[in-house]
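Engineer:
Residue numbers (this note's numbering), protein chains in the order written: chain R, 1 to 206; chain V, 1001 to 1206.
(1) Note down, in chain order, each residue of its chain lying with its Cβ closer than 6 Å to the Cβ of residue 1135/V, except the 5 sequence neighbours on either side.
(2) Does the count of Cβ pairs from the segment 83-91 of chain R and the segment 144-155 of chain R closer than 8 Å reach three?
(3) Can you find a CB in chain R that lies within less than 8 Å of the CB of residue 1067/V?
(4) If I follow the unbroken alpha helix (DSSP H) through residue 67/R, where does it start and stop?
(5) Considering only C-alpha positions, which residue in the set 1037/V, 1003/V, 1191/V is nearest to residue 1125/V?
(6) Quick check on the burial criterion: 16 or more other C-beta atoms within 10 angstroms. Buried or exposed for residue 80/R?
(7) Considering only the alpha carbon of each residue, which of 21/R, 46/R, 69/R lies closest to residue 1191/V?
(8) What do you get for residue 181/R, buried or exposed, if any count of 16 or more other CB atoms within 10 angstroms of its CB means buried?
(9) Would DSSP call residue 1197/V helix, strand or coil?
(10) According to DSSP, which residues form a beta bridge with residue 180/R?
(11) Quick one, which of 35/R, 108/R, 75/R, 4/R has its alpha-carbon nearest residue 1042/V's?
(12) Could you give the C-beta distance for residue 1130/V and residue 13/R, rounded to a whole number, given that I count them as a contact under 8 Å?
(13) Starting from residue 1205/V, follow the beta strand (DSSP E) in both directions and report where the run begins and ends.
(14) In angstroms, rounded to a whole number, what distance separates the CA positions of residue 197/R and residue 1064/V?
(15) Please name the residues in the segment 1053-1077 of chain V whose beta-carbon is closer than 7 Å to at least one beta-carbon of chain R, in chain order.
(16) Please check if any C-beta of chain R sits within less than 8 Å of the C-beta of residue 1085/V.
(17) Can you tell me which of the three DSSP states residue 1159/V falls into?
(18) Which runs of the alpha helix (DSSP H) at least 4 residues long sit entirely within the segment 1077-1139 of chain V? Give them in chain order.
(19) In chain R, what lies closer than 8 Å to residue 1195/V by C-beta?
(20) Based on the DSSP output, what are the partners of residue 173/R in its beta bridges?
(21) Would you kindly work out how many angstroms separate the C-alpha atoms of residue 122/R and residue 1204/V, rounded to a whole number?
(22) What distance in whole Å lies between the Cβ atoms of residue 1105/V and residue 1187/V, which are believed to be in contact at a cut-off of 8 Å?
(23) How many angstroms separate the CA atom of residue 1114/V from the CA atom of residue 70/R?
(24) Under 7 Å from any heavy atom of the ligand SAM, does the C-beta of residue 1034/V make it?
(25) How about residue 6/R and residue 140/R: are their beta carbons less than 8 Å apart?
(26) Can residue 21/R and residue 179/R be called in contact, C-beta distance under 8 Å?
(27) Please classify residue 116/R: is it buried, with 16 or more other beta-carbons within 10 angstroms of its beta-carbon, or exposed?
(28) What are the partner residues of residue 1050/V, as DSSP defines its beta bridges?
(29) Is there a Cβ of chain V sitting closer than 8 Å to that of residue 234/R, yes or no?
(30) Could you work out which residues of chain R lie near residue 1164/V, taking near to mean beta carbons separated by less than 8 Å?
(31) Indicate the three-state DSSP secondary structure (helix, strand or coil) for residue 1032/V in the structure shown.
(32) So, helix, strand or coil for residue 1002/V, using DSSP?
(33) If we ignore side chains and look at the alpha-carbon of each, how far apart do residue 62/R and residue 1200/V end up?
(34) Grab me the residues of residue 194/R's own chain with a C-beta within less than 7 Å of its C-beta, minus the 5 sequence neighbours each way, in chain order.
(35) DSSP on residue 145/R, reduced to helix/strand/coil?
(36) Between the C-alpha atoms of residue 163/R and residue 170/R, what's the straight-line distance to the nearest angstrom?
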């Protein structure tokens, strides 16, 4: 597929079929992840690629608890009152579906970043989220759906214990992969003129 | 360009020509950035796109000071003793070039993320670095070089004051854009077998 056709139609696909995805596709997706940059090219990333059904089931249970925590935060308590046919309502319904069906995705990728014991900061993310974005774009290029979720952090200790992830390694995201039940397409976004400034904050870019 | 040809040859281009890049290309690059996901689709991102030469010059001065700070950290003090023809030595020479010539890039993008006053964490990055990766991939698809740098954070207050960025907004990265002096190509990376695990940390993926 042409690059811009991929990148401008990679929306979060939270409804996935349980069918396995081809091993060759999974390898190509992971290979593309590794082509992303990381700070000083240190590549402190690791990816736990989970296909085992019982491990996925346990992650699904942990994730459902995380969803419960998220819904108790003030922001999401508010969002959950949005009309079901509003953009926020639809997004929430789709995210809720994921919270109930995460384990059914044939592959779950837990993306990690080593911090050498230092407390992670915003810019720690510069060494792992570009790789995750590459992973999701590669999936989309192959017709495989994905989304990124970080709410596993509510039960981070449980997830790390389950997967044997060392203490000095941070879990940055969980990415389910699978054939999409929904359709790819341009995601709903604020217009460029609202979020880009020219030369200085507040000045028009356009 | 075909998606995988773009994503597997997007290496950090730190040597850039001063020639302007086409406005249509810049708009397409920014538009692609916005197609990336963000937590809860909140799109708390902002991008200050700097073409003004005097603003770029001032950012270049600030950035040079940041480079000095970086070189005083234990890790980079060690890297700076690597042989100049080693992989680390070459990377450092290229990064040093950028530190001396950042202002010559025709466009600097300062990517920001709103945190609503909360302290940013690792996962704050999940709402801005995917967009930055999209931006750099789109640039590569159009033959425009870029790289991501976060060391501006050593002088974050100065950068924010210069650009008028509000206190509750975090600067996540500076991305120079310009025609590449070097060549695109597959970046040097650790093999997949070293960084991907199957089902559980430490188990082979392959």
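A virtual CB, placed ideally from N, CA and C, is assigned to each residue, including glycine. Model, not experiment: these values are computed from the prediction.
Structural biologist: Short version:
(1) Along the second chain, one-based indexing puts residue 1135/V at 135. Same-chain partners within the cutoff: 1029, 1033.
(2) The answer is no - the segment 144-155 of chain R does not touch the segment 83-91 of chain R, with fewer than three Cβ pairs under 8 Å.
(3) Numbered from 1 along the second chain, position 67 holds the residue referred to as residue 1067/V. Residue 1067/V does not count as touching chain R.
(4) Taking the first chain and counting its residues from 1, the one referred to as residue 67/R is at position 67. For residue 67/R, the enclosing alpha helix (DSSP H) starts and ends at 53-71.
(5) The residue you call residue 1125/V lines up with position 125 of the second chain. Of 1037/V, 1003/V, 1191/V, the residue nearest in Cα terms is 1037/V.
(6) In the first chain, the residue the question calls residue 80/R occupies position 80. By the 10 Å Cβ count, residue 80/R comes out exposed.
(7) Stepping through the second chain from its first residue, residue 1191/V is reached at position 191. Checked all of 21/R, 46/R, 69/R; the closest Cα to residue 1191/V is 46/R.
(8) Within the first chain, residue 181/R is the residue found at index 181, counting from 1. Counting the other CB atoms within 10 Å of its CB gives residue 181/R a total below 16, which places it among the exposed residues.
(9) As a working note, residue 1197/V is residue 197 in the second chain. Residue 1197/V falls in the strand class under three-state DSSP.
(10) By 1-based counting over the first chain, the position of residue 180/R is 180. Under DSSP, residue 180/R shares a beta bridge with 16/R.
(11) By one-based count along the second chain, residue 1042/V stands at place 42. Its Cα nearest to that of residue 1042/V, the residue 75/R stands out among 35/R, 108/R, 75/R, 4/R.
(12) Reading the second chain from its first residue, position 130 is the one you call residue 1130/V. Reading the first chain from its first residue, position 13 is the one you call residue 13/R. That pair is no contact at about 15 Å.
(13) Numbered from its first residue, the second chain carries residue 1205/V at position 205. Where residue 1205/V is concerned, there is no enclosing beta strand (DSSP E), given that its DSSP letter is neither H nor E.
(14) Within the first chain, numbered from 1, the residue matching residue 197/R stands at position 197. Within the second chain, numbered from 1, the residue matching residue 1064/V stands at position 64. Cα to Cα, residue 197/R sits roughly 24 Å from residue 1064/V.
(15) So the list reads 1055, given in the order they occur along the chain.
(16) Here the question's residue 1085/V lines up with position 85 in the second chain. So no, residue 1085/V is outside the interface.
(17) Looking up residue 1159/V in the second chain gives position 159. Looking at residue 1159/V - three-state DSSP - the assignment turns out to be helix.
(18) For the segment 1077-1139 of chain V, whole alpha helix (DSSP H) runs of length 4 or above, ordered along the chain, are 1087-1101.
(19) Here residue 1195/V refers to the residue found at position 195 of the second chain. By Cβ distance, chain R contributes 34, 43, 45, 46, 47.
(20) Counting from one through the first chain, the residue named residue 173/R turns up at place 173. In DSSP, residue 173/R forms a bridge with 111/R.
(21) In the first chain, residue 122/R corresponds to position 122, counting from 1. In the second chain, residue 1204/V corresponds to position 204, counting from 1. If I take the Cα positions, the gap works out to 30 Å.
(22) Taking the first residue of the second chain as position 1, residue 1187/V is located at position 187. Taking the first residue of the second chain as position 1, residue 1105/V is located at position 105. About 20 Å separates the two Cβ atoms, so there is no contact after all.
(23) Counting from 1 along the second chain, the entry for residue 1114/V is found at position 114. Counting from 1 along the first chain, the entry for residue 70/R is found at position 70. Put simply, the backbone Cα of residue 1114/V is about 19 Å away from that of residue 70/R.
(24) You won't find the ligand SAM in this model; it holds no ligand whatsoever.
(25) In the first chain, the residue the question calls residue 6/R occupies position 6. In the first chain, the residue the question calls residue 140/R occupies position 140. Yes.
(26) Taking the first residue of the first chain as position 1, residue 21/R is located at position 21. Taking the first residue of the first chain as position 1, residue 179/R is located at position 179. Yes.
(27) The count along the first chain starts at 1 and reaches residue 116/R at position 116. Flag for residue 116/R reads exposed.
(28) Residue mapping note: residue 1050/V aligns to position 50 of the second chain, counting from 1. Paired residues: 1108/V.
(29) Residue 234/R cannot be examined here, being either before or after the span of chain R that is shown, 1 to 206.
(30) Along the second chain, one-based indexing puts residue 1164/V at 164. The answer, in chain order, is 200, 201, 202.
(31) The residue labelled residue 1032/V in the question sits at position 32 within the second chain. The answer is helix: DSSP assigns residue 1032/V an H, G or I state.
(32) By 1-based counting over the second chain, the position of residue 1002/V is 2. Per DSSP, reduced to three states, the secondary structure at residue 1002/V is strand.
(33) Walking along the first chain from the start, residue 62/R turns up at place 62. Walking along the second chain from the start, residue 1200/V turns up at place 200. Rounded to the nearest angstrom, the two C-alpha atoms are 16 Å apart.
(34) Position 194 of the first chain holds residue 194/R. Here the set comprises nothing.
(35) Walking along the first chain from the start, residue 145/R turns up at place 145. Strand.
(36) In the first chain, residue 163/R corresponds to position 163, counting from 1. In the first chain, residue 170/R corresponds to position 170, counting from 1. In this model, residue 163/R and residue 170/R are separated by some 12 Å (Cα to Cα).
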